[in-house]
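Student: Protein sequences, first through last, are from chains A and B. Just so you know, we're using this note's numbering here: the first sequence kicks off at 1 and counts up by one. Just so you know, we're using this note's numbering here: the second sequence kicks off at 1 and counts up by one. Before I ask anything, here is the structure I am working with.
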Amino acid sequence: MDEKKITINPVTRIEGHAKITIQLGDDDTVREARFHVNEFRGFEKFCEGRLFTEMPNITPRICGICPVSHAVSSAKAGEMIMRISPPYAGNLIRRLIHLGQIISSHALSFFHLSSPDLLLGWDYDPAQRNILGVAEKYPDLAKRGIRLRKFSQEISERITGKKIHAVGIVAGGMTTPLTEENRQALLAWIPEALETTRMGIDLFKRYCDDHQNEVANFDACESLYLGTVTPDGELELYDGKLRFIDANGKIIADQLEPANYLEYIAEKPVAWSYLKYPYYKPLGPEGGIYRVGPLARLNIADRMKTPLAQKEFGFFKSIGRGRPVHGTFYFHLARLIETLGAIEQAEMILMDPQVTSLEICAKGVRNQAEGVGCSESPRGTLFHHYQTDDDGILTRINLLIATGQNNPSMNRSVLEIARKLIRGRQVAQGALNRIEGAIRCYDPCLSCSTHSIGTMPILMEILDAQGNLINRIERGL
Amino acid sequence: MKTLVIGYGNVTRSDDGAGIRIAEQIALKNLAGVEVRTLQQLHVELVEDFVGQDLIILADASSGSSEISIKPVRLGEEACMASTHHLGAGVLAGLAAKLYSKNLNLYLCAVRGENFDFGMNLSPATARRVDAAVKEITKLIERSLSHA
């Protein structure tokens with residue numbers, strides 16, 4: 001078979017490194033598309049032998065974009081092992097810093113990574129289709145995007161003293177309180193942050209109005225969705241229970257304890273990627289493909305916690321006309337609505353008189369062997385699962401990361417777009433960027449989502465200059 | 001004259017922490033008008049802090065061929081990878097010029113690393129380069145001060 005391969009490597013403007021391979025058939029149509037992960041970090045392996053209480057300080061190093069999410073899930077796993085809960089104010093501050101993380105990551109994703117596609121166009125000069133290009137043509141929006149990031153990073157800095165890899169989140173609560181001065185300083189940011197986010201939502205809506213065909217044809221792979229909600233179905237980013245819905249929007253599992261996630265989620269390794277293929281266990285690897293993250297969360301939720309976000313949530317729901325919104329492009333809108341809600345929630349927390357309390361941490365010791373911590377990270381539901389020996393030393397660690405859970409769908413999205421846009425060897429730059437754009441919708445963070453060293457099945461193919469396979473090396477298949 | 005020195009990298013990856021070690025040594029000198037920060041990585045909102053500075057020096061580990069390199073950062077001399085994992089000094093210089101009409105007096109000090117494996121210590125060769133880089137940066141600050 002005379003097959004031709006087009007490789008886009010690296011995919012620009014996503015976190016970490018990745019490779020997409022498009023495989024053509026004899027008739028020059030796309031036969032296969034794969035999103036490769038080439039990077040692994042091995043945290044699950046090299047953290048074995050550490051004390052479980054160290055993990056909230058170690059695991060934020062997994063990622064510079066969502067360190068707080070790792071710290072929060074890690075601390076919650078530790079609290080389960082200790083059988084304790086943080087005091088009210090400890091939870092408040094932790095919620096606040098977690099919301100800051102959501103705002104920070106979403107602002108980076110939309111204003112700095114994805115807005116060039118929307119503002120400058122898919123076919124714009126690739127050398128200019130980036131944040132510098134946006135700064136050139138839309139300086140006010142670029143400045144505002146930068147300031148929104150600054151606000152969110154300041155939440156972390158004003159609580160913990162650090163913008164990235166914040167310390168102070170521990171099993172039991174927080175070690176650093178919020179001072180009155182810092183509370184006031186953060187409150188002063190709220191009006192500007194809300195205004196900037198609303199500008200982003202308006203920009204997205206305008207783009208959709210002006211490019212109806214583009215949006216409609218982008219990618220709409222149907223899947224299940226997973227996210228966390230309160231008992232009455234409100235979106236809950238910090239401490240909710242799991243809810244799965246099917247592709248028609250029917251709730252197929254609800255109020256599941258995150259600690260029991262292994263009863264509902266299984267993972268299948270694949271030969272060509274360090275990422276594993278998670279799936280909803282009752283429906284198997286093929287029928288159980290689900291998505292997590294902003295699009296999933298707005299699909300599974302019945303309502304938002306705050307008024308401005310709720311209003312936009314109503315608009316989002318209207319897009320699906322009673323069904324889930326499957327269009328991958330709408331990740332951007334969901335991300336912006338979550339940002340709006342996160343800013344509103346941050347304001348509510350900052351207005352709570354208890355937020356400056358000094359009673360922020362509970363003490364405890366190991367009271368059981370195992371613990372699972374779960375929170376909604378910017379990219380989706382994040383699980384930290386620890387097993388310990390009698391001394392609290394970690395014997396086994398499993399990190400189920402959002403990007404890993406979206407991996408099967410990312411491949412389907414790439415394949416669907418590639419089939420529409422690629423015929424033969426001649427591929428316009430705009431087409432390549434649309435494929436990259438599909439990946440960016442998921443905002444994958446690959447440095448987080450790869451697994452332990454030495455246990456991944458690996459398939460290496462060596463091709464000669466003509467593209468013929470000359471060697472094939474397998475490990476663990 | 002306001003000077004900002006930023007060392008960045010990952011101290012848990014051995015020589016990748018070279019930039020941070022440089023910044024820590026500069027901080028110990030308590031140079032007048034010099035603010036020192038350490039970061040895991042550069043981030044886009046730094047541009048707001050940069051525009052108020054007369055001199056900015058970034059220190060980072062490198063896998064390049066030069067043992068120590070201290071060069072002015074020029075606009076657009078690198079691909080624009082606007083994510084926090086990939087954001088380069090040139091992008092910040094570009095944003096300062098486009099958004100704030102400010103041509104930054106921005107230098108990048110790159111120190112070659114030998115070992116980027118897990119570990120908290122610098123390799124002996126990189127440790128020596130860090131000491132030498134601190135001297136060079138100090139001279140650059142003093143020279144700039146005398147011309148101010």
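We put the CB at the ideal spot given by N, CA and C, even for glycine.
#1: State whether the stretch 71-82 of chain A contacts the stretch 338-350 of chain A, with contact taken as three or more CB pairs (one from each stretch) at a distance under 8 Å.
#2: Within the 8 Å Cβ cut-off, does Pro139(A) reach chain B?
#3: Does the Cβ-Cβ distance between Leu194(A) and Val355(A) come in under 8 Å?
#4: Using a cut-off of 8 Å between C-beta atoms, extract the partners of Leu95(B) located in chain A.
#5: Taking a contact to mean a Cβ-Cβ separation below 8 Å, would you say Phe218(A) touches Thr381(A) in this structure?
#6: How is Cys47(A) classed by DSSP in three states: helix, strand or coil?
#7: Over the uninterrupted alpha helix (DSSP H) stretch that includes His332(A), give me the two end residues.
#8: Rounded to whole angstroms, what is the Cα-Cα separation between Ser69(B) and Thr126(B)?
#9: At 4 residues or longer, what runs of the alpha helix (DSSP H) sit wholly inside the stretch 45-76 of chain B?
#10: Give the straight-line distance between the Cα atoms of Ala59(B) and Tyr225(A), rounded to the nearest whole angstrom.
#11: When the Cα atoms are used, what is the spatial distance from Arg412(A) to Leu308(A)?
#12: Can you give the Cα-Cα distance for Lys150(A) and Ile20(A), rounded to whole angstroms?
#13: Is the CB of Gly78(A) under 8 Å away from at least one CB in chain B?
#14: Under 8 Å, do Val47(B) and Leu108(B) count as touching if we go by C-beta distance?
#15: Does DSSP classify Met304(A) as helix, strand or coil?
#16: Tell me the DSSP bridge mates of Met174(A)?
#17: Can you name the start and end residues of the beta strand (DSSP E) that Ile97(A) belongs to?
#18: Can you pull the DSSP bridge partners for Thr393(A)?
#19: When you compare each of Ile252(A), Leu394(A) and Leu283(A) to Gly371(A) by their alpha carbons, which one comes out closest?
#20: Does DSSP put Pro444(A) in a helix, in a strand, or in coil?
#21: Measuring only between beta-carbons, confirm whether His332(A) sits less than 8 Å from chain B.
#22: Classify Ser452(A): buried if its beta carbon has 16 or more other beta carbons within 10 angstroms, exposed otherwise.
#23: What residue from His43(B), Leu104(B) and Gly90(B) has the CA that sits closest to Gly9(B)'s CA?
#24: Should Val68(A) be labelled buried (16 or more other beta-carbon atoms within 10 Å of its own) or exposed?
#25: Give the residues from the stretch 111-122 of chain B that approach chain A closer than 8 Å (Cβ to any Cβ), ordered along the chain.
#26: Tell me the DSSP bridge mates of Arg291(A)?
#27: Mind pulling the chain A residues with CB within less than 7 Å of Lys98(B)?
#28: Within a Cβ cutoff of 6 Å, which residues of the same chain sit near Met304(A), ignoring the five residues on either side of it in sequence?
#29: Do you know offhand how far Asn121(B)'s Cα is from Ala27(B)'s?
#30: Taking the straight line between their C-alpha atoms, what separation do you get for Ala127(A) and Ile22(A)?
#31: Of all the CB atoms in chain B, is at least one closer than 8 Å to the CB of Gln153(A)?
#32: Can you pull the chain A neighbours of Thr12(B), defined as C-beta to C-beta under 8 Å?
#33: In whole angstroms, what separates the C-alpha of Ala148(B) from that of Gly33(B)?
#34: Which residue wins for smallest C-alpha separation from Glu376(A), given the options Leu298(A), His332(A), Gln184(A) and Cys361(A)?
#35: Quick check on DSSP: helix, strand or coil for Arg129(A)?
#36: Determine whether the Cβ of His112(A) lies closer than 8 Å to any Cβ atom of chain B.
Tutor: Looking at the coordinates:
#1: Verdict: no, contact absent.
#2: Counted from its first residue, the first sequence places residue 139(A) at position 139. Using a Cβ-Cβ cut-off of 8 Å, Pro139(A) counts as an interface residue toward chain B, since at least one Cβ of chain B sits closer than that to its own.
#3: As a first step, residue 194(A) is located in the first sequence; it is residue number 194 there, counting from the start. As a first step, residue 355(A) is located in the first sequence; it is residue number 355 there, counting from the start. Not a contact, by the Cβ cut-off of 8 Å.
#4: Counting from 1 along the second sequence, the entry for residue 95(B) is found at position 95. Residues of chain A passing the Cβ test: Ile131, Leu132, Ala135, Ala142 and Ile146.
#5: Locating residue 218(A) in the first sequence gives position 218, counting from the first residue. Locating residue 381(A) in the first sequence gives position 381, counting from the first residue. No, the pair does not count as a contact, with Cβ atoms beyond the cut-off.
#6: Translated into the one-based positions of the first sequence, residue 47(A) becomes position 47. Here Cys47(A) sits in coil by DSSP.
#7: Mapped onto the first sequence, residue 332(A) falls at position 332. Where His332(A) is concerned, the enclosing alpha helix (DSSP H) stretches over Phe331 to Met351.
#8: Position 69 of the second sequence, counted from the first residue, corresponds to residue 69(B). Position 126 of the second sequence, counted from the first residue, corresponds to residue 126(B). So the two alpha carbons sit approximately 13 Å from each other.
#9: Segments of the alpha helix (DSSP H) lying fully in the stretch 45-76 of chain B: 46-50.
#10: For this step, residue 59(B) is matched to residue 59 along the second sequence. For this step, residue 225(A) is matched to residue 225 along the first sequence. Distance between the alpha carbons of Ala59(B) and Tyr225(A) is about 44 Å.
#11: The residue given as residue 412(A) occupies position 412 in the first sequence. The residue given as residue 308(A) occupies position 308 in the first sequence. For Arg412(A) and Leu308(A), the distance between alpha carbons rounds to 33 Å.
#12: In the first sequence, counting from the first residue as 1, residue 150(A) sits at position 150. In the first sequence, counting from the first residue as 1, residue 20(A) sits at position 20. Between Lys150(A) and Ile20(A), the C-alpha separation is close to 32 Å.
#13: Residue mapping note: residue 78(A) aligns to position 78 of the first sequence, counting from 1. Taking Cβ atoms only, chain B never reaches closer than 8 Å to Gly78(A), which makes this a no.
#14: Here residue 47(B) corresponds to residue number 47 of the second sequence, with the count starting at 1. Here residue 108(B) corresponds to residue number 108 of the second sequence, with the count starting at 1. Remark: C-beta atoms of Val47(B) and Leu108(B) do not approach each other more closely than 8 Å.
#15: What you label residue 304(A) is simply residue 304 of the first sequence in a count that begins at 1. Coil, per DSSP.
#16: For the purposes of this step, residue 174(A) is taken as residue 174 along the first sequence, with counting starting at 1. Note: Met174(A) sits in a beta bridge opposite Ile169(A).
#17: Taking the first residue of the first sequence as position 1, residue 97(A) is located at position 97. Under the DSSP assignment, Ile97(A) falls outside any beta strand (DSSP E), being part of the alpha helix (DSSP H) whose first and last residues are Tyr88 to Ala107.
#18: The residue given as residue 393(A) occupies position 393 in the first sequence. In the sequence as presented, Thr is not what sits at residue 393(A); that position holds Ile. Answer by DSSP bridge pairing, in chain order: Leu51(A).
#19: Mapped onto the first sequence, residue 371(A) falls at position 371. For Gly371(A), the nearest C-alpha among the options comes from Leu394(A).
#20: Start at 1 with the first residue of the first sequence, and residue 444(A) comes out as number 444. Under the three-state reduction of DSSP, Pro444(A) is assigned to coil, being neither helix nor strand.
#21: Looking up residue 332(A) in the first sequence gives position 332. Not closer than 8 Å to any Cβ of chain B, the Cβ of His332(A) fails to qualify, so no.
#22: Counting from one through the first sequence, the residue named residue 452(A) turns up at place 452. Low confidence applies here, because Ser452(A) scores a pLDDT of 34, under 50, leaving its location unreliable and the question unanswered by this model.
#23: Within the second sequence, the letter at position 9 stands for residue 9(B). When the alpha-carbon of Gly9(B) is set against those of His43(B), Leu104(B) and Gly90(B), the nearest one is in His43(B).
#24: Taking the first residue of the first sequence as position 1, residue 68(A) is located at position 68. Val68(A) is buried by the Cβ-count criterion.
#25: Cβ contacts with chain A: Phe118.
#26: Taking the first sequence and counting its residues from 1, the one referred to as residue 291(A) is at position 291. BP columns for Arg291(A) point to Tyr225(A).
#27: Counting from one through the second sequence, the residue named residue 98(B) turns up at place 98. The answer, in chain order, is Leu132, Ala135, Glu136 and Pro139.
#28: Counted from its first residue, the first sequence places residue 304(A) at position 304. Non-local C-beta neighbours of Met304(A) in its own chain, meaning closer than 6 Å and more than five positions away in sequence, comprise Leu235, Gln310, Phe313 and Gly341, ordered along the chain.
#29: Counting from one through the second sequence, the residue named residue 121(B) turns up at place 121. Counting from one through the second sequence, the residue named residue 27(B) turns up at place 27. Straight-line measurement puts the Cα of Ala27(B) at about 19 Å from the Cα of Asn121(B).
#30: The residue labelled residue 127(A) in the question sits at position 127 within the first sequence. The residue labelled residue 22(A) in the question sits at position 22 within the first sequence. Pairing Ala127(A) with Ile22(A), the inter-Cα distance amounts to about 23 Å.
#31: Counting from one through the first sequence, the residue named residue 153(A) turns up at place 153. With 8 Å as the cut-off, Gln153(A) counts as an interface residue toward chain B.
#32: As a working mapping, residue 12(B) is identified with position 12 in the second sequence. Simply Arg61.
#33: The residue given as residue 148(B) occupies position 148 in the second sequence. The residue given as residue 33(B) occupies position 33 in the second sequence. Straight across, the Cα-Cα distance linking Ala148(B) with Gly33(B) is about 12 Å.
#34: As a working note, residue 376(A) is residue 376 in the first sequence. Out of Leu298(A), His332(A), Gln184(A) and Cys361(A), the CA that lies nearest to the CA of Glu376(A) is found in Leu298(A).
#35: Indexing the first sequence from 1 puts residue 129(A) at position 129. Arg129(A) falls in the coil class under three-state DSSP.
#36: Locating residue 112(A) in the first sequence gives position 112, where the first residue counts as 1. The beta carbon of His112(A) sits closer than 8 Å to some beta carbon of chain B.
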